[in-house]
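Below is one structure, written out as structure tokens; the observations come after it.
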Amino acid sequence: MLLALPALRGDDKPKDEPKPSSAKEQHEALVKDYNAKRSELLTEVRKLKGEEQQKLLQKYFGLGKDFADKFYKLAEDNPKDPVAAEALFWVLQNAEGSSVHPKALDKVTALMDEMSLKDLVQRLRTLRGAPPKLMETVFKRAEKDEKDALAGDLLAWIATTGSSYPIGQKATDRLVDKYPEHAAIAQVCLVLSRSGSAKAVDTLKQILEKSSKPAVKAAAALGLGKNLSTQTDKLGDKLAEADKVAAEAEKYFVMVIDQFGKDSPAQRKEAEQELKALRTVRVGKEAPIITAPDLDEKEFKLSDYRGKVVLIDFWGHW
């Protein structure tokens with residue numbers, strides 16, 4: 023019996039040991055942990071006020087940076103697993119990869135050369151912003167695959183996301199030249215309407231001339247009117263020059279209303295509002311009639327202060 027004991031012990035089945043988590047499970051756990059901590063911090067933020075609240079808000083907005091190393095390590099440990107791409111793009115989306123994790127940025131730029139255009143477009147749509155280095159890589163990919171319609175999507179992403187960088191203007195030029203009927207052109211017009219670039223007006227005029235779509239033409243004309251209208255207020259006391267720029271802005275607002283208003287009612291309404299403001303409240307125009315109660319509930323009129331320097335502060339709570 024004693025001799026048989028070792029054999030019997032050898033037949034005993036070992037206890038089940040926990041299996042190591044898969045890369046996908048580790049990624050899901052990290053995302054869950056990150057979201058839970060964000061929720062906890064947000065709950066605490068709502069309970070505080072003043073300086074303490076501001077300090078906690080900084081921690082809340084910096085949480086992505088705290089998790090960046092964990093997500094990057096997951097990608098580094100599992101380079102051939104699809105979850106590596108998920109983790110790397112998470113770093114860029116949530117932790118400002120250009121400044122926090124340059125290694126993650128390097129790996130993502132390498133991935134972009136291997137990904138299909140369809141996958142790349144979908145990935146880029148998850149990013150709220152990106153460093154110029156990454157945009158340069160996307161631009162090169164758009165040049166390489168210019169015969170594919172999705173290359174236009176890459177350029178549109180750069181043009182709308184990186185408008186403040188030189189690469190944004192470069193992508194806009196190529197988009198307008200190679201894909202003048204792209205669906206994102208109208209959105210590009212909106213970006214250009216707010217641009218302080220000297221070339222923005224020329225680009226909008228090019229879109230207005232080249233596009234065959236009334237909606238895009240309306241967006242370009244509206245963008246021109248808004249951009250030029252903004253320029254008038256920057257001219258200060260150069261009233262003659264301001265009047266000249268304002269006249270050109272007015273021409274484009276009228277164009278939206280008269281030529282494209284039927285097909286683009288929302289843009290027509292916006293053009294009408296902008297035109298009214300341009301004609302009545304821009305720099306150099308006489309202030310409109312204002313009647314209201316003062317802090318002592320005594321009614322006053324702005325005209326009572328004619329000839330004096332008056333600062334009017336419009337404010338409110340929403």
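Residues 23 to 340 in the working numbering are what the sequence shown lists, from first letter to last.
We treat Cβ as the ideally placed atom computed from N, Cα and C, and that holds for glycine.
Bounding residues of the beta strand (DSSP E) (the contiguous stretch that carries residue i)
i, result
"E321", "E321 to K323"
Extent of the continuous alpha helix (DSSP H) to which residue i belongs
i, result
"A107", "V105 to N116"
"I207", "I207 to S215"
"H49", "A45 to K69"
"G190", "P188 to K200"
"V10", "Here the chain has residues from 23 to 340 only, and residue 10 is not among them."
"Q80", "G72 to F83"
Where residue i sits in the DSSP three-state scheme
i, result
"T313", "strand"
"D128", "helix"
"D175", "helix"
"D88", "helix"
"G119", "Only weak support exists for where G119 lies, its pLDDT of 42 falling under 50; the value from the coordinates is given anyway. Of the three classes helix, strand and coil, the one that applies to G119 here is helix, per DSSP."
"V303", "coil"
"N100", "coil"
"P236", "helix"
"V332", "coil"
"E294", "helix"
"K221", "coil"
"P153", "coil"
"T148", "coil"
"S286", "coil"
"A169", "Reading off the sequence, residue 169 comes out as Lys, not Ala. Coil, per DSSP."
"E158", "helix"
"S185", "coil"
"D318", "coil"
"M137", "coil"
"G247", "helix"
"L257", "coil"
Status (buried if at least 16 other CB within 10 Å, exposed otherwise) for residue i
i, result
"Q144", "exposed"
"K248", "buried"
"T148", "exposed"
"N116", "buried"
"Q48", "buried"
"Y327", "exposed"
"R68", "exposed"
"I334", "exposed"
"L64", "exposed"
"G72", "exposed"
"W112", "buried"
"A269", "exposed"
"E108", "buried"
"T225", "buried"
"S44", "exposed"
"A181", "buried"
"L110", "buried"
"D129", "Looking at the sequence provided, one finds Lys at residue 129 rather than Asp. Classification for K129: buried."
"V332", "exposed"
"G119", "In this predicted model, G119 has a pLDDT of only 42, less than 50, meaning its place in the structure is not dependable; the value taken from the coordinates is given anyway. The residue in question, G119, is buried, as its Cβ has 16 or more Cβ neighbours within 10 Å."
"S70", "Reading off the sequence shown, one finds Leu at residue 70, where the question assumed Ser. L70 should be labelled exposed."
"R196", "buried"
"S217", "buried"
"V105", "buried"
Rounded distance between the beta-carbons of residue j and residue i, thought under 8 Å
i, j, result
"A126", "Y94", "5 Å"
"L250", "V223", "7 Å"
"Q289", "V278", "6 Å"
"K252", "A264", "For clarity, residue 252 is Thr in the given sequence; the question names Lys instead. At roughly 12 Å, the Cβ-Cβ gap does not stay under 8 Å, so T252 and A264 are not in contact."
"A262", "L300", "Contact doesn't hold; Cβ gap of about 16 Å is too wide."
"K232", "V198", "7 Å"
"L114", "A152", "7 Å"
"L96", "Y56", "That pair is no contact at about 12 Å."
Counting Cβ pairs closer than 8 Å, one from the segment 309-318 and one from the segment 283-293, do we hit at least three? no
Say whether the segment 82-101 touches the segment 51-70, bearing in mind that this needs 3 or more beta-carbon pairs closer than 8 Å, one atom from each stretch. yes
The segment 292-301 contacting the segment 237-256, beta-carbon criterion three pairs below 8 Å: yes
Please determine if the segment 202-216 and the segment 227-241 are in contact, where contact requires at least 3 C-beta pairs separated by less than 8 Å. yes
Are the segment 160-175 and the segment 197-209 in contact at 8 Å, needing three or more beta carbon pairs? yes
Given 8 Å as the limit, is there contact between the segment 184-204 and the segment 151-162, that is, 3 or more CB pairs closer than that? yes
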